[in-house]
Each structure stands twice: as structure tokens, then as C-alpha cells.
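In our numbering, the protein residues as written are 3 to 397.
A virtual CB, placed ideally from N, CA and C, is assigned to each residue, including glycine.
From a predicted model like this one, the values you see are computed outputs, not experimental measurements.
Shown next, in C-alpha cells, is the structure this report addresses.
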């Protein structure tokens with residue numbers, strides 16, 4: 003049996019790309035010695051990026067014909083016609099030509115609509131458009147309806163729906179009527195791009211960006227829900243108390259950066275805040291290692307990637323209080339609506355004894371989650387074996 007993973011994220015998509023890399027590495031390991039495994043990408047540049055990591059990747063573009071098929075799939079009459087004429091689009095034809103039995107979508111992809119015959123596994127990162135629908139990135143100009151329609155149309159026919167937590171699996175099942183046993187909770191892990199062998203030296207990274215040790219680090223793209231503003235408000239409160247911390251933001255602009263920069267300028271924070279923009283993957287470990295702590299007051303969850311990376315690099319974590327299920331006792335918590343509470347959590351990092359204890363708890367939390375991931379991988383392998391047995395029933 004052959005499984006083909008579909009990578010649709012660009013490297014500058016940040017966490018989504020890193021999570022896809024983790025999924026590729028994991029599935030390749032699970033398949034070794036049992037199933038064939040390949041990686042396709044709809045982004046041509048990814049073939050070179052993955053080659054550097056020792057991962058072979060085939061570029062498969064989404065063509066105009068594929069887009070037409072996807073559009074027609076939304077019409078019920080097309081389903082009746084397809085049942086008669088049985089047309090495969092270029093995307094699925096490519097998969098069939100490569101002997102694909104099962105497609106693994108590594109992100110919240112609507113391209114499962116392109117599959118007329120081939121079975122697939124899909125991924126759900128979050129349902130934050132329902133949890134916090136007020137944010138523009140999940141609300142404005144029809145975005146909410148598009149996301150909602152995606153989940154209604156693309157989950158029910160999946161062989162497996164992979165989520166990142168039991169809580170999210172329960173929510174997917176409840177909101178979209180998906181059989182709970184179809185959902186598989188697979189905890190995420192730190193990005194493989196943080197490994198020493200693919201990372202730049204910390205002193206080089208600090209010199210490159212003209213940084214001094216001891217800043218708070220927030221690796222996040224500039225979406226409104228990432229809540230950069232609350233960190234700046236916390237800095238203002240701290241300054242009023244005679245405390246001055248530096249903060250480094252690393253992440254691409256998704257439309258909210260100017261708003262954050264304007265607030266920083268209006269509140270005279272430019273000397274305390276650095277905006278690095280999108281940072282090459284090889285520099286990320288050095289930026290983590292140069293920090294005193296990682297701060298992440300995001301509204302979206304229930305899981306995020308930076309906590310894993312903070313624990314891996316052994317840095318204290320300041321995290322949103324509604325996301326305790328992920329971090330357990332391994333974080334200082336603050337209400338993401340409350341700048342003073344966030345400021346207090348950041349001050350807690352100055353206590354070296356408490357911070358060191360938190361780092362130990364982070365290491366322990368990583369081990370706990372690793373055990374959960376190992377158990378989930380066994381469940382996934384059993385699903386794949388079951389599908390392989392059933393796949394023998396047709397040509």
C-alpha cells in the first residue's frame with residue numbers, strides 16, 4: 003500500500019509548515035518497512051526546502067481543471083453526472099499514476115474535493131473561527147462562512163480526521179457530526195528545523211540581528227489573534243512600575259503588523275521592541291536560546307507550537323490561561339485580555355529559582371506528551387493496517 007502526503011504550506015507560513023514537516027517525518031517513520039510513502043507538494047519551492055532535510059518531494063500543481071472540478075463539486079447535480087462519466091482531474095490522475103492508495107492532507111485542506119475515488123486522511127488544527135469569531139482573519143469578507151463550509155463538506159468522508167488534542171477531537175465530533183472514533187488525537191512536537199545540525203550558532207544569530215541576551219521572545223505571524231498588542235500594553239505597565247524589558251517579535255505580516263508598530267511608536271516602545279519579520283528557519287533556535295523566556299498571549303488554540311519549542315530549548319513559557327490543557331503546570335499563565343496580568347507573569351520570569359523550576363516542568367511535560375504521541379502513533383498504525391486489509395477488496 004502506498005500513502006502520499008500532500009504539503010500545501012509555504013515555508014513562510016510558519017507553524018503550519020513546521021507542523022506539516024513533523025507529520026511527514028512521523029508518517030515516514032510509521033510507514034518504514036510496512037507501507038510505501040511519498041511526499042507531494044502543491045508549492046514548487048518546497049521541493050528544494052525539503053531536499054535540504056533529506057526528504058524527496060514531487061511537485062504537483064493544482065491546475066485550472068482541478069479548480070473547475072472543485073467548484074463543480076459544490077453542486078449536487080455534478081455528483082449525479084460524475085457517477086455516470088467518472089472523470090478524474092489532473093491532481094488525482096497524478097496520484098493514481100504514482101500508485102497512491104491513501105492521501106494524507108497535512109493541513110486543513112479543501113483539496114479533498116479533488117478526489118473522486120481516492121481515500122484520504124485529513125487534518126484539523128483548530129476550530130477557532132467558532133471559538134473566537136470576532137477576529138478579522140476568521141470573520142471578514144466571507145471568511146467565516148468559507149471555513150465553516152470547508153469543515154461541513156470535507157470531514158465526513160475522511161478515513162481519519164487527525165487533530166492535535168482530545169479536546170479538539172471531541173469538539174470536531176460534536177460540531178460537525180463526525181463519528182468520534184474517526185477522530186485521532188495526535189499531539190504535535192517541536193519543529194525539526196530546530197535541530198542543532200540545521201541551526202546557526204546562537205552568537206552568530208544575535209550578532210546578525212543586533213540583539214543582546216535576555217529578551218522576551220514571541221515567534222508568531224502578525225495576525226490579530228496572536229495578540230502582540232497585549233505584550234506592548236504589558237510593557238507600558240511594567241515601565242510605569244520602573245521595570246524595562248525588551249521583546250523580540252519574529253514572524254511575517256498577515257495584515258496586522260502596522261497596527262502593532264503604530265502602537266509601539268505612540269507609546270515610545272521602539273527602543274524596547276524589535277520587529278524581525280520572517281526569520282529563516284536556521285536562525286530560530288538561536289533566537290530561542292538568546293531569550294529569557296517565550297511569551298505567547300494568543301487567543302487561538304487549544305494547542306500551539308511555540309510551547310513545545312520553549313520546553314525543548316529550556317526556556318520559561320508565559321502562556322494564555324485558557325490553554326492550560328496543553329501546557330499543564332509548565333507555564334506562567336495570564337488572561338490574554340489582561341495586560342496587567344500578563345505583565346505580572348513576565349515579571350515572574352525574573353525569579354531565577356521559579357523560572358528554573360518551570361523549565362524542569364517543561365521538560366517533564368515534553369516527556370508526557372511524547373508518551374501520548376507514541377500511543378497515538380500505535381492507533382494510527384492500526385488504522386492504516388485496517389485500511390490496507392480492506393483495500394485488498396477492490397482493484
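Using three-state DSSP, classify residue 315 as helix, strand or coil. helix
Below 6 Å CB to CB, which residues in the same chain sit around residue 162 once its five sequence neighbours on both sides are set aside? 123, 186, 385
Measure the C-alpha to C-alpha separation of residue 57 and residue 111 and round it to an integer number of angstroms. 21 Å
Check whether the segment 29-38 touches the segment 79-91, counting contact only when three or more Cβ pairs, one atom from each stretch, lie closer than 8 Å. no
What distance in whole Å lies between the Cβ atoms of residue 275 and residue 249, which are believed to be in contact at a cut-off of 8 Å? 5 Å
For the 8 Å Cβ check, are there 3 or more pairs between the segment 148-165 and the segment 259-268? no
Can you give me the C-alpha to C-alpha distance between residue 205 and residue 286, rounded to a whole angstrom? 12 Å
Cα separation between residue 343 and residue 192? 27 Å
Please go through the same chain and pick out, in chain order, the residues whose beta-carbon is closer than 6 Å to the beta-carbon of residue 42, but skip the five residues on each side of it. 6, 8, 60, 62
Assuming residue 298 contacts residue 308 (C-beta within less than 8 Å), just tell me the rounded distance between them. That pair is a contact at about 5 Å.
Let me check understanding here. Comparing Cα to Cα, which of 314, 353, 336 lies closest to residue 366? Residue 366 has its Cα closest to that of 314, out of 314, 353, 336.
Do residue 218 and residue 73 count as a contact pair if the criterion is CB distance below 8 Å? Contact check for residue 73 against residue 218 fails: the beta carbons are separated by 8 Å or more.
Candidates 203, 292, 355, 130, of which the one nearest residue 306 by Cα: 130
Anyone know if the C-beta pair for residue 24 and residue 190 falls short of 8 Å? yes
Are residue 223 and residue 260 closer than 8 Å when you measure CB to CB? no
Going straight from the alpha carbon of residue 165 to that of residue 243, what length do you get? 42 Å
Going by C-alpha distance, which of 252, 71, 304, 108 is nearest residue 30? 108
Look at residue 368 and residue 194 and say whether their C-beta atoms are less than 8 Å apart. no
So, at 6 Å on beta carbons, what are the nonlocal neighbours of residue 324 in its own chain, with the 5 sequence-adjacent residues on each side left out? none
Would you call residue 351 buried or exposed, if buried means 16 or more other Cβ atoms sit within 10 Å of its Cβ? buried
Pull up the CB-CB distance for residue 48 and residue 114, whole angstroms please, since I reckon it's below 8 Å. Wrong, their Cβ atoms sit about 19 Å apart, outside the cutoff.
If you draw a straight line from the C-alpha of residue 354 to the C-alpha of residue 188, how long is it? 33 Å
What are the complete alpha helix (DSSP H) segments, minimum 4 residues, inside the segment 149-219? 168-178, 204-210
Let me know the secondary structure DSSP gives residue 396 once reduced to three states. Residue 396: coil per DSSP, three-state reduction.
Could you give the C-beta distance for residue 234 and residue 262, rounded to a whole number, given that I count them as a contact under 8 Å? 7 Å
Are the CB atoms of residue 177 and residue 141 nearer to each other than 8 Å? no
Whose C-alpha, out of 100, 11, 387, 203, is nearest the C-alpha of residue 45? 11
Of the residues 80, 184, 20, which one's Cα is nearest the Cα of residue 197? 20
What is the DSSP secondary structure of residue 136, reduced to helix, strand or coil? The three-state secondary structure of residue 136, taken from DSSP, is coil.
Can you tell me whether DSSP reads residue 78 as helix, strand or coil? helix
Would DSSP call residue 271 helix, strand or coil? coil
To the nearest angstrom, how far is the alpha carbon of residue 175 from that of residue 357? Those two C-alpha atoms are separated by around 38 Å.
Hey, could you find the ends of the alpha helix (DSSP H) residue 291 is sitting in? 283-291
Is it buried or exposed, residue 380, if we count other Cβ atoms within 10 angstroms and call 16 or more buried? exposed
Need the endpoints of the alpha helix (DSSP H) that residue 245 sits in, please. From DSSP, residue 245 is part of no alpha helix (DSSP H); its letter is neither H nor E.
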